[in-house]
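Numbering (the numbering used here), first residue to last: 1 to 144.
Cβ coordinates follow ideal geometry from the N, Cα and C atoms, glycine included.
Just so you know, these numbers come straight off a predicted model, no measurement behind them.
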């Protein structure tokens, strides 16, 4: 289970942010990410009245949407719960499958790396790597 992110601004107004749709949010918390942008949380500003509604939630900013649309970016590198980030991926219409994950690593698996080194580097099991490697070898030789 992910640990709760440490905020450097908690519960105090720290500005405004726009989400990926251009809607304004009041920001109450910020977290630094290793990807060069801040993960922010706040409440939505109702445009028709200018009032603040709702509870503090993570905000899907444009920078975060770009980060999440690239599946080679690990969710674990973000100071947030992976479940929330997966729901953000669904919101922007980005679909992920294990087939996509393995296809992105096909070239790396077919190099001179040992299965142990590949699995350590990519965080997968040796059994899964062996299965995919055999599948691709059969496809390449026309036996599939």
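Under 8 Å between C-beta atoms of residue 42 and residue 56: yes
Nearest candidate by alpha-carbon position, reference residue 124, set 107, 102, 36 and 83: 102
Helix, strand or coil at residue 19 [DSSP, three-state]: coil
Buried or exposed by the 16-neighbour rule on C-beta atoms within 10 Å, applied to residue 128: exposed
DSSP-derived helix/strand/coil call for residue 68: helix
Cβ-Cβ distance between residue 13 and residue 26 below 8 Å: yes
First through last residue of the alpha helix (DSSP H) which encompasses residue 129: 126–141
Nearest-angstrom Cα separation, counted from residue 19 out to residue 104: 29 Å
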